[in-house]
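Residue numbers (this note's numbering): 217 to 530. Note that beta-carbon positions come from the ideal geometry of N, C-alpha and C, so glycine has one too. Contents: one structure, followed by commentary.
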């Protein structure tokens with residue numbers, strides 16, 4: 217049976233483990249440590265944990281100050297606050313000077329659920345991807361999240377890790393190999409390529425299974441690193457399969473789909489269909505109901521793949 221773990225839970229576990237290895241790690245939270253799962257670190261290393269209260273902008277500025285003194289600062293809150301409310305501080309105080317701050321934002325995307333459109337950050341990838349010096353990672357499961365936290369701690373400079381509230385299937389074995397900026401090929405295929413990130417990777421794999429039943433071989437790429445994007449994997453997909461579908465729990469504008477389209481346009485023109493949230497805000501509902509309502513389904517991914525194949529033949 218597939219193990220179901222939320223990426224935010226895996227983040228909390230990895231952070232607490234790293235705290236015992238690297239004494240320069242400090243963690244900041246904005247009154248949400250129970251939800252972001254930084255509470256585990258706080259209980260183990262209270263002298264290196266700062267509870268900032270409901271003051272996200274102040275938290276980012278403080279994290280920047282700590283990083284400037286040589287610390288590795290992890291700053292956590294919900295994605296909508298980390299990237300929206302504190303954007304100016306992230307831009308000016310963290311990204312511009314290239315400071316060693318790791319923004320680990322939980323509760324991203326539609327799967328926040330009942331909290332509704334005000335809390336469903338569906339533009340955060342776009343906001344972080346556009347910032348110079350910022351590395352952007354969207355882990356697809358608990359194992360990949362553990363890797364993302366470790367690589368962020370090891371590498372110097374600003375990172376944005378996008379994490380979710382809901383439990384997701386574990387796709388990888390504990391010894392899985394990941395490389396920053398390199399897509400993970402989960403399925404080989406020559407008819408179409410499905411490029412997915414985050415919670416949508418498991419659905420992309422399901423769609424590939426359904427397509428195979430209809431004689432369509434779909435390549436599936438887990439594009440965990442949105443920036444720097446694996447442009448070579450995208451170019452190869454365009455050249456070798458001739459059609460691409462991107463899948464993300466984010467607006468179709470400016471996120472994974474936008475990054476892939478930019479690469480395809482400049483390096484290897486091919487039809488690209490983006491599956492994601494259309495140009496609209498979210499609303500309250502159960503996570504699965506919202507994914508269904510906004511078209512982030514296995515059926516829609518399969519349909520998009522067939523359309524992309526038809527477009528390349530036209």
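Would you kindly work out how many angstroms separate the C-alpha atoms of residue 390 and residue 360, rounded to a whole number?
9 Å
So is residue 516 buried or exposed if we call it buried at 16+ other beta carbons inside 10 Å?
buried
Determine the burial state of residue 345: buried for a count of at least 16 other Cβ atoms within 10 Å of its Cβ, exposed for fewer.
buried
Just to confirm, is the Cβ distance from residue 317 to residue 374 under 7 Å?
yes
Distance, residue 463 Cα to residue 469 Cα:
12 Å
What's the C-alpha gap between residue 501 and residue 331?
8 Å
Which residue wins for smallest C-alpha separation from residue 405, given the options 236, 235, 525?
525
In chain order, what residues of the same chain lie with their CB nearer than 7 Å to the CB of residue 484, ignoring the 5 residues before and after it?
451, 454, 455
Sequence-distant residues of its chain with Cβ nearer than 6 Å to residue 266 (five each side left out):
244
Threshold first: 4 residues or longer. Then list the alpha helix (DSSP H) segments lying entirely within the segment 418-459, N to C.
447-457
Can you tell me which of 289, 460, 358 puts its alpha carbon nearest to the alpha carbon of residue 410?
460
Residue nearest to residue 288 in terms of C-alpha spacing, selected from 250, 320, 339:
320
Taking only the alpha-carbon atoms, compute the straight-line gap between residue 309 and residue 365 and give it to the nearest angstrom.
21 Å
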